[in-house]
Amino acid sequence: MRDTTPDFSRPPTADEFQTDPYEPEVGSLPQQSGQDEEKVNKTGTTTIGISTSEGVVIATDMRASLGGRFVSNKNVQKVEQIHPNAALTLVGSVGGAQSFIRSLRAEVNLYEARRGEDMSMQALSTLAGNFARGGPFFAINPILGGVDDDGHHVYSIDPAGGVMKDDYTVTGSGLTVAYGTLEDRYEDDMTNEEAREVAAASIKAAAERDTGSGNGIFLADVTSEGVDIQGYDFGDLL
Numbered sequence: 030m031r032d033t034t035p036d037f038s039r040p041p042t043a044d045e046f047q048t049d050p051y052e053p054e055v056g057s058l059p060q061q062s063g064q065d066e067e068k069v070n071k072t073g074t075t076t077i078g079i080s081t082s083e084g085v086v087i088a089t090d091m092r093a094s095l096g097g098r099f100v101s102n103k104n105v106q107k108v109e110q111i112h113p114n115a116a117l118t119l120v121g122s123v124g125g126a127q128s129f130i131r132s133l134r135a136e137v138n139l140y141e142a143r144r145g146e147d148m149s150m151q152a153l154s155t156l157a158g159n160f161a162r163g164g165p166f167f168a169i170n171p172i173l174g175g176v177d178d179d180g181h182h183v184y185s186i187d188p189a190g191g192v193m194k195d196d197y198t199v200t201g202s203g204l205t206v207a208y209g210t211l212e213d214r215y216e217d218d219m220t221n222e223e224a225r226e227v228a229a230a231s232i233k234a235a236a237e238r239d240t241g242s243g244n245g246i247f248l249a250d251v252t253s254e255g256v257d258i259q260g261y262d263f264g265d266l267l
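See below:
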């Protein structure tokens, strides 16, 4: 059997030192290996954002799963208020999404304290994209929905920091099924009540086929008056 005991009788050679003395630079992040990413707790999900004539409706399922194979929690709130008139979904790694929301919420509060006014949705979406691109947030793909003086806004934010605005969007493991239902039922200038029913039907359709989605729906109604988030069973809405 090979002897693996380290030899302390001689000084180490230069080749045995793997750390660059000039790394890491200020503001840089450590390199992530494939093994690191495999250890991240990820969750399958389906999340939907719809811009309406009255504001924005955001819907998510309630299931947290490990790799889409084992249901680890059946009552997860995957949408959070981060601004007086905006909400953000949790998609991807649980820890990364939670950290992302805490960071954004803190920046929004600081902005309001310093300037005495609420952050606009354009500024908030840009900040969210910058955080996603430059921060230590594993595998996130959230939806941001909000209302400001310029109107009603829905954005999808990809893991590389890309920010895309649309009338409606879907993210998560069940998006392919949910998109079919959403595009079939979506109409311009829907009310929030109408959008809630469309979003719920789309989440339910995804839950029928996607093992990472299910167990009910959380709905966020976002208007100029604020954000209201409630959980429902599928039968309560459809």
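When you read off a place in the sequence shown, starting at 1, and then add 29, the result is the number in the numbering used here. Where is the CB? At the ideal position from N, CA and C, for every residue including glycine.
- Message: Taking the beta carbon of Ala142 as the centre, do at least 16 other beta carbons fall within 10 Å, making it buried, or is it exposed?
- Response: exposed
Looking only at its own chain, which residues have a Cβ that is under 6 Å from the Cβ of Asn114, when we skip the five neighbours before and after it?
Gly175 and Val176
I believe Val192 touches Ala157 by the beta-carbon criterion, under 8 Å. Please report the beta-carbon distance rounded to the nearest angstrom. 7 Å
Checklist entry - Looking at the structure shown, is Ser253 part of a helix, part of a strand, or coil, going by DSSP? => result coil
field: Strand pairing of Tyr184, partner residues [DSSP]
entry: Leu173 and Lys194
Problem set entry | Proximity to Gln151 [Cα-Cα], best of Arg134, Asp178 and Asn138 | Asp178
- Task: Look up Tyr140 in the DSSP assignment and say whether it is helix, strand or coil.
- Result: helix
Buried or exposed for Ser80, going by 16 or more other Cβ atoms inside 10 Å? buried
| request: Please confirm if the segment 222-232 is in contact with the segment 84-91, defined as three or more CB-CB distances below 8 Å between the two stretches. | output: yes
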